[in-house]
Structure formats: C-alpha cells, structure tokens
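Going by this note's numbering, the residue at position 279 of the sequence shown is 265; the numbering climbs one at a time, nothing skipped. Glycine is no exception: its CB is placed at the ideal position from the N, C-alpha and C atoms. Worksheet: one structure, shown below.
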Amino acid sequence: MKRVFALGNFDGVHCGHNAVLAELRALAAEHDAAPCVITFSPHPRRVLYPDAPPFQLVDEYDKEQLLHAAGIAEVVVLAFTPALAALEPEDFLEQKIFSLKDVVGIVVGDDFAFGAKRRGNVALLQRVCAARGVSCVVVSGAAAPTGARYGSSAIRAALFEGMVETATALLGRPWAISGTVEPGDGAGRGLGFPTANIALGEYTRPRFGVYAVRVGELRGVANIGVKPTIGGMREPVLEVHLFDVEADLYGKRLSVELLKFIRPEMKFSGVEALKAQIGEDAQAARAIIKS
C-alpha cells in the first residue's frame, strides 16, 4: 500500500506535533495512502550530546502508543547512531527515507533539520521530493492560545517550574511518567503510606515535590525527588501512593499523570513531622481530585 510519512522526533507528541499529524492524515487521504511516521531512537540529542541531563518527555513505548492513538498506521523507528548522524543530508534521504517502499508523500514541521550537522533543511527536502514526484507538505509551527509556539522546550520549562497546568495545555493531555514499579526501601509503608516507586531514567526532571496524580482510573498523591528527610538519594525517584488500593504492584508498568503541583520537596525535622505532612498532602490531593 502507498504510504505518506511524517518525519520527526515527536518527543511528547504534543499539540504542535498533532498539527503535523493532522496534515499527515489529510495528505494520506488525498493519496489513498497509509499515514505513517518515521522517528528515531534513542533521541538524537542523547547521541549528539551524551553528557546532557535527562530531557525526554515520553518514553519510546508511550510515544508509539500515542502516535497510533492519533491514527498513525505504522511507526518506523530509525536507530540513531553516530554513523547516521554523519550522513550527508542527501544520503540520509536516499538511504533512510526513499529506500522505503511506496513513499508518495512527506510531511514535516518547518523547523525539521537532518543530516550531518543538521545541514539538511525543508528547502532541500522539497527539492528532492519534487524531483521524485513525491508530495511534500511543510507545516508551520502551531501556536498556543498565549501566542507562544508549541514545543518540547516550553513543556520542559513549565514542568521544571511545577507549572503542571501549562504543560497539560501544551501537551493536550496531562504529562505522565511511565515505568516499571521497583522495590523501594519500605519507608512509605512504614509511614502508613505505601508507595509504588518508579525511576525517572531519561525523563526530564520536573520540579521536585508533591503532586496530585492519576493512574488510569485510580487517583493518588506522589512525591518526586531525592527523599532528603530519610537519608537522601543520588538519583530522584517517583513515589506514588494510590488511594484506597491494596495491591502488589511490583514489576507492573504504570503511567502516572501529574495533575497539580502541591508543594516543593523539603527536609523535615524527623520522621513524625514527615508523616504528618504526608497526611496533609494526601488530603490536599483528594480535595484537588474532587474539585
């Protein structure tokens, strides 16, 4: 079957990406073709800037699920390696894009760049597509109601400040951290608030603190940080206490949506003070969820 491809990283699959995907679906319908996406793993930034702090908004599994939910028939994932990064723009197009079968259209955002040192731009892409008789649509950056351009950087900045509602508006859905529940130190259970613990890994670091959260149909309260009152940790962790749930969650994959920031992480004078504060946080989260 004929295929039309959108090209990009699609980190977050946010509202700006949705504008590209809408044009993709429209062009695919025009050509009676399947709407498809070509993306990269790992994110190019991880290869090009290996010492950069974690920055991803969505993991690979969730990204593919979100793309399929947006009506994408096929997701082609190119392994982003130093060798791929070194390809000249024309070679990248020939070897990685037009080597695929039945390509009748390409859709990209207006900031799409490719090839060695990002020398390839949309003008070059349009020329190559025209020479091949392939339709090419370049989508201008979509703007939020505030007038700011939708983008992954703006979402990261909002999360860093704990501005969950802003991130939600830019994403078109609550931001979520997904991962496998790992054994913790049992501190939460000892305080009367058992938690499911998920490592942040490559996720961008939001503001450390307490959040009202949702996990599917369940609601809860979560802390993101390094647990300064109980010895501290080198790497931050997401600890989720789900309301009115008694279940063994170890080894299960959870997707934890941040609904609202409650307070910053802080160090308390002792365990009893921490326990009292967690009780207040849980009450605050319940009130937020009911409102």
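Residue 210 and residue 194 closer than 8 Å at C-beta: Working through the sequence shown from its first residue, we reach residue 210 at position 224. Working through the sequence shown from its first residue, we reach residue 194 at position 208. Closer than 8 Å, so yes.
Exposure label - residue 37; buried when at least 16 CB within 10 Å: As a position in the sequence shown, residue 37 is number 51, starting the count at 1. Its Cβ having fewer than 16 others within 10 Å, residue 37 is exposed.
C-alpha gap between residue 63 and residue -8, whole angstroms: Taking the sequence shown and counting its residues from 1, one reaches residue 63 at position 77. Taking the sequence shown and counting its residues from 1, one reaches residue -8 at position 6. So the two alpha carbons sit approximately 12 Å from each other.
Residue 103, DSSP secondary structure in three states: Counted from its first residue, the sequence shown places residue 103 at position 117. Three-state DSSP puts residue 103 in a helix.
Own chain, CB closer than 6 Å to residue 24, minus 5 neighbours either side, in chain order: Here the question's residue 24 lines up with position 38 in the sequence shown. Its chain contains -9, -7 and 62 as the residues whose beta carbon lies nearer than 6 Å to that of residue 24, once the 5 sequence neighbours on both sides are disregarded; these appear in chain order.
Given residue 9 as reference, the closest of -3, -2 and 22 once Cα atoms are compared: In the sequence shown, the residue the question calls residue 9 occupies position 23. Comparing Cα-Cα distances from residue 9 to each of -3, -2 and 22, the minimum goes to 22.
For residue 124 and residue 79, the rounded distance between their alpha carbons: Counting from one through the sequence shown, the residue named residue 79 turns up at place 93. Counting from one through the sequence shown, the residue named residue 124 turns up at place 138. Roughly 16 Å separates the two Cα atoms.
Any C-beta of chain C under 8 Å from that of residue 97: In the structure shown, chain C does not exist; there is a single protein chain.
Proximity below 8 Å, CB of residue 222 to CB of residue 191: Position 236 of the sequence shown holds residue 222. Position 205 of the sequence shown holds residue 191. A contact, by the Cβ cut-off of 8 Å.
Cβ pair residue 186, residue 161 closer than 8 Å: Here residue 186 refers to the residue found at position 200 when the sequence shown is read from its first residue. Here residue 161 refers to the residue found at position 175 when the sequence shown is read from its first residue. In this structure, residue 161 does not lie closer than 8 Å to residue 186 by Cβ.
Reduced DSSP secondary structure (H/G/I, E/B, other) of residue 78: Within the sequence shown, the letter at position 92 stands for residue 78. If DSSP states are grouped into helix, strand and coil, residue 78 belongs with the helices.
Buried versus exposed call for residue 35 [16 or more other C-beta atoms within 10 Å across all chains shown]: Along the sequence shown, read from residue 1 onward, the residue named residue 35 stands at position 49. The residue in question, residue 35, is exposed, as its Cβ has fewer than 16 Cβ neighbours within 10 Å.
Cβ-based neighbour list, residue 98, same chain, cut-off 7 Å, excluding 5 preceding and 5 following: In the sequence shown, counting from the first residue as 1, residue 98 sits at position 112. The residues are -7, -6 and 108.
Beta-ladder partner(s) of residue 165, from DSSP: Counting from one through the sequence shown, the residue named residue 165 turns up at place 179. 240, per the DSSP bridge assignment.
Distance, residue 66 Cα to residue 57 Cα: As a first step, residue 57 is located in the sequence shown; it is residue number 71 there, counting from the start. As a first step, residue 66 is located in the sequence shown; it is residue number 80 there, counting from the start. Their backbone Cα atoms lie some 25 Å apart in a straight line.
Extent of the continuous alpha helix (DSSP H) to which residue 190 belongs: What you label residue 190 is simply residue 204 of the sequence shown in a count that begins at 1. Careful: residue 190 lies outside any alpha helix (DSSP H) and carries neither H nor E.
Nearest to residue 181 (by Cα), restricted to the options 148, 155 and 229: The sequence position of residue 181 within the sequence shown is 195, counting from 1. Measuring from the Cα of residue 181, the nearest candidate turns out to be 229.
Range of the contiguous alpha helix (DSSP H) that encloses residue 46: Reading the sequence shown from its first residue, position 60 is the one you call residue 46. Start and end: 46 to 55.
Burial state of residue 237, where buried means 16 or more other Cβ atoms lie within 10 Å: As a first step, residue 237 is located in the sequence shown; it is residue number 251 there, counting from the start. Around the beta-carbon of residue 237, fewer than 16 other beta-carbon atoms lie within 10 Å, marking it exposed.
Residue from 189, 208 and 253 with nearest C-alpha to residue 41: Your numbering for residue 41 matches position 55 in the sequence shown. Closest by alpha carbon: 189.
Extent of the continuous alpha helix (DSSP H) run through residue 4: Position 18 of the sequence shown, counted from the first residue, corresponds to residue 4. Residues 1 to 16.
Cα-Cα separation, residue 260 to residue 151: Indexing the sequence shown from 1 puts residue 260 at position 274. Indexing the sequence shown from 1 puts residue 151 at position 165. Cα-Cα distance, rounded: 27 Å.
Cβ shell of residue 169 (< 8 Å), same chain only, five flanking positions each side left out: Residue numbering aside, residue 169 sits at position 183 when the sequence shown is read from its first letter. So the list reads 183 and 236, once near-sequence residues are dropped.
Beta-carbon gap between residue 199 and residue 207 smaller than 8 Å: Mapped onto the sequence shown, residue 199 falls at position 213. Mapped onto the sequence shown, residue 207 falls at position 221. Contact flag set, yes.
Pair within 8 Å by beta-carbon distance, residue 163 and residue 153: Residue 163 sits at position 177 when you count from the first residue of the sequence shown. Residue 153 sits at position 167 when you count from the first residue of the sequence shown. No. Outside cutoff.
When 196, 117 and 242 are compared against residue 253, the one with the closest alpha-carbon: In the sequence shown, residue 253 corresponds to position 267, counting from 1. When only C-alpha atoms are compared, the closest one is 196.
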